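Numbers 0 to 108, taken from numbering that gives the first Met the number 0, label the letters of the sequence shown in order.
Note that CB positions come from ideal geometry on N, CA and C, so glycine has one too.
None of the values given here were measured: they were computed from a predicted structure.
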Amino acid sequence: MSGIECEERDGIVLIRLRGEVDLSWSQQVRHAVLEALEKNPAVGVELSEVSYIDSSGIAALVEGFQSARSRGSRFALVAVSDAVRAVLELARLDRVFLIVADPAAVAGV
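If you want it as structure tokens, here you go:
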């Protein structure tokens, strides 16, 4: 089962994703990320429970990254699962995104 949870924690908004991030709900992910960035200076997307991500899910994360950069906000991927890391490495996006192990690290970005 896929899902999105948002919480404020340690001065950041943490968006927790779980399940498969694919075309069927990547727009919800996109909306959650962009909405969090509109209201907060630091956003982390936790991906530890994501078992699969397709190009639409990656595109939602890239759009979040670009939005954060244009606003001067902090944005990071948190606790990335092996499945997501493999896709990021394949696309060489592991060199673009800030990837941290702990949500508290986003506040210091």
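One or two residues paired with residue i in a DSSP bridge
i: Arg15; result: Glu4, Glu45
i: Phe74; result: Val42
i: Val99; result: Val77
Whole-angstrom distance between residue j and residue i, CA atom to CA atom
i: Pro102; j: Leu16; result: 13 Å
i: Leu76; j: Arg94; result: 12 Å
Of the listed residues the options, nearest to residue i (C-alpha basis)
i: Ile110; options: Asp93, Gly43, Ala67; result: Because the chain is modelled from 0 through 108, residue 110 falls outside the range shown and cannot be assessed.
i: Ser72; options: Ala41, Val32, Val105, Leu92; result: Ala41
i: Ser50; options: Arg68, Gly18, Leu33; result: Gly18
i: Asp81; options: Ser23, Arg8, Glu48; result: Glu48
For residue j and residue i, believed in contact at Cβ under 8 Å, the rounded distance
i: Ile3; j: Gln27; result: 6 Å
Where the alpha helix (DSSP H) through residue i begins and ends
i: Leu60; result: 54 to 70
i: Ala104; result: 103 to 106
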